[in-house]
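Visitor: In full-length UniProt numbering, the protein residues as written are 1 to 662. We treat Cβ as the ideally placed atom computed from N, Cα and C, and that holds for glycine. Please see the structure below; I have some questions.
Structure representation (structure tokens):
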């Protein structure tokens, strides 16, 4: 995920302004900012949904008004900064794909205006220091985050549009340059200076008491910096933007943002092996810098953790560790994609060995997470953590497990793709042993996703369990559970691949023995898991026939209840639910193709799904039409699995027609 823009301290400076019960817009910029802050705070309290969106939109309008009222005033930079932040929140968490890039572009423009105003003000009161002001560092960091989110939105829009791809690459590169040249450089300069001071103090200590005193002094200094906004004069420039405080975990966060731009945006856009190698080298360089910084902090008696808030240091280390592992898999599988497109048999032969070795390493790591001893150790550790911090601990473990499972599933698919490609002699580029390895990866990934589900707490605030089928009950936790169940359904579809069935040729080593009964069970499980995914977000009615007594008015009310409210996460949430619906359709079709269920059962269920998918797509301007686009979904399958059988292509063509009629 990208680094979230930080809150402005302007709210503290205007916290005592009068309530926003006005009919006429204010004519004073300070008043407009105060009213914008009040609207923003109402949006924060609502958290998500239409109410939150309305308040955030009002806040953005008021902040923009403050800039227009006094474009060159002292508070114009503040207002532009706040507007950029709120527009980022709207673009990343509320609007749909068709407006996402546009709103984020507005956020970028507002941040750039704030940077221009702050730079102009800084030039008027120029000092001998070449470092950016704390406020400017905030602006640039958040500007880079908005550019990163905009580039990600553009890649979602691109499809086959190479112009959008080029624009996404340009925007992502701009974000990368800002993070690298200004944010990371300033953080590294300041933090390494502080680290040297800490190291010198520790080395110069003559005894344990003196060392303890120095360490306590550093902790006290950090506490003072973290509380600067309350302890110092609120009018002091150094106290105005508490989010600008540079701590070790913030540098790890910047490294993560740099790595994410390369991994999620620029790597998928690579068109040649040279492009791929360039991205790989840059990712490896970021990981190496992060590891070097962590080692230096550890050598200074764990200064990184002591000087960072709460558990952010540990979270940053875990995230960067996942970054490195995910990057390695992504580069290897992207290399296979390029070699397959070029029909480069020699490259594929070498990549087959590389992928196999990588898969063996990932399988060993994943199986280690799934042992009874590992699970028991996890629960023991969790029980020793204060209850107030336990949710964050479980979330870290969920992130670790799901990341490992996703890597395993990707490698399992890649091994199957390689197994289907003959080499120059007509033999497979991978052995039957590699196919068995693929099967083991898929099985372990399934177990890992089940472990993740057991760790997800659905009882806390904001994470209440869904009332299945009663209403749209999507919230951050149920949406995550929906994603995991959808992944389990996709894994079952993968495990039902005929390549896993043992060969009938006795002269060849058998791959995996999967009986017809086992394959039927796997197909049944795919349907069950996809249904569970929809149940998590209150959408069981999508696959159930309408109750006999349900009137058209009641049916419309049920649909409006879903379409009328923006789920947390905006487009990403709608896309998650759309994927779950289409994955269920694919699972039902596969089950029917394999002879599962009663005669005609699959056709009847698919008919209900198609009708309700059509109602979603036609009854809303909220992005369901894109999320339920069968062509888009089929293309994503081809990108993941490498190809699609002609009969499944025909199925999606027919599905699209039925959904359009529905």
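Return the residue from the list 496, 539, 541 that minimises the CA-CA distance to residue 519.
Guide: Closest option to residue 519, Cα to Cα, is 496.
Visitor: Might you give, ordered along the chain, the residues of its own chain that have their beta carbon closer than 7 Å to the beta carbon of residue 290, omitting 5 neighbours on each side?
Guide: 252, 255, 320
Visitor: Check whether the Cβ atoms of residue 157 and residue 101 sit closer than 8 Å, and answer yes or no.
Guide: Yes.
Visitor: Please list the segments of the alpha helix (DSSP H) lying wholly inside the stretch 257 to 316, counting only runs of 4 or more residues, in order along the chain.
Guide: 273 to 299, 303 to 306
Visitor: Could you tell me the boundaries of the alpha helix (DSSP H) in which residue 400 lies?
Guide: Counting along the chain, the alpha helix (DSSP H) containing residue 400 begins and ends at 387 to 419.
Visitor: Quick one, which of 633, 42, 316, 361 has its alpha-carbon nearest residue 408's?
Guide: Minimum Cα distance to residue 408 is reached at 361.
Visitor: I'd like the list of long-range same chain contacts for residue 397, defined as Cβ closer than 7 Å, with 5 residues on each side in sequence excluded.
Guide: 378, 455
Visitor: Alpha helix (DSSP H) containing residue 57: first to last residue?
Guide: 50 to 69
Visitor: Apply the 10 Å Cβ neighbour rule to residue 38 and answer buried if 16 or more other Cβ atoms are within range, or exposed otherwise.
Guide: Classification of residue 38: buried, given that the 10 Å Cβ count is 16 or more.
Visitor: Tell me the residue span of the alpha helix (DSSP H) that contains residue 574.
Guide: 571 to 593
Visitor: Starting from residue 544, trace the alpha helix (DSSP H) in both directions and tell me its first and last residue.
Guide: Per DSSP, residue 544 lies in no alpha helix (DSSP H) and is assigned neither H nor E.
Visitor: Give every residue of the same chain whose Cβ lies closer than 6 Å to the Cβ of residue 244, excluding the five residues on either side of it in the sequence, and list them in chain order.
Guide: Confidence at residue 244 is low in this model, with a pLDDT of 48, below 50, so the placement of that residue should be treated as unreliable; the coordinate-derived value is given next. The residues are 134, 137, 138.
Visitor: Buried or exposed: residue 371, going by 16 or more other Cβ atoms within 10 Å of its Cβ?
Guide: Exposed is the call here.
Visitor: Take residue 595 as the anchor and find which of 163, 350, 334, 523 has the nearest alpha-carbon.
Guide: 523
Visitor: What three-state label does DSSP hand residue 33 in the structure shown?
Guide: helix
Visitor: Rounded to whole angstroms, what's the CA-CA distance from residue 481 to residue 489? Just pull it up for me.
Guide: 12 Å
Visitor: Quick check: the stretch 577 to 593 against the stretch 524 to 537, are there 3 or more CB pairs under 8 Å?
Guide: yes
Visitor: Give me, in chain order, the residues of the same chain whose beta-carbon lies closer than 7 Å to that of residue 606; leave out the 5 immediate sequence neighbours on both sides.
Guide: These residues qualify, in order along the chain: 585, 588, 589.
Visitor: Between 333, 363, 367, which lies nearest to residue 352 when the distance is taken from Cα to Cα?
Guide: 333
Visitor: By Cβ distance, which residues of its chain are closer than 8 Å to residue 298, with the 5 residues on each side in sequence left out?
Guide: Here the set comprises 304.
Visitor: Indicate whether residue 276 and residue 338 have their beta-carbon atoms separated by less than 8 Å.
Guide: yes
Visitor: Going by Cα to Cα distance, which pick from 335, 145, 140 is closest to residue 91?
Guide: 145
Visitor: Please return the same chain residues whose Cβ sits closer than 6 Å to the Cβ of residue 55, not counting the five positions on each side in sequence.
Guide: 39, 42, 43
Visitor: Spatial neighbours of residue 485 within its chain, please: CB distance less than 6 Å, with the 5 preceding and 5 following residues excluded, ordered by chain position.
Guide: 529, 532, 533
Visitor: Suppose contacts are defined by Cβ-Cβ distances below 8 Å. Is residue 308 in contact with residue 386 by that definition?
Guide: no
Visitor: Please tell me whether residue 168 and residue 269 are closer than 8 Å, where the distance is taken between their beta carbons.
Guide: yes
Visitor: Quick one: Cα of residue 141 to Cα of residue 282, how far?
Guide: The C-alpha of residue 141 lies about 20 Å from the C-alpha of residue 282.
Visitor: Helix, strand or coil for residue 41 per DSSP?
Guide: Reduced to three states, the DSSP call for residue 41 is helix.
Visitor: In terms of residue numbering, what span does the alpha helix (DSSP H) encompassing residue 372 cover?
Guide: 372 to 383
Visitor: Determine the contact status of residue 65 and residue 32, defining contact as a CB-CB distance below 8 Å.
Guide: yes
Visitor: According to DSSP, is residue 490 helix, strand or coil?
Guide: helix
Visitor: The alpha helix (DSSP H) that contains residue 198, what's its start and end?
Guide: 185 to 204
Visitor: Does the beta-carbon of residue 131 have 16 or more other beta-carbons within 10 angstroms, so that it is buried, or is it exposed?
Guide: exposed
Visitor: If you draw a straight line from the alpha carbon of residue 416 to that of residue 443, how long is it in whole angstroms?
Guide: 14 Å
Visitor: What does the alpha-carbon distance come out to for the pair residue 395 and residue 72?
Guide: 45 Å
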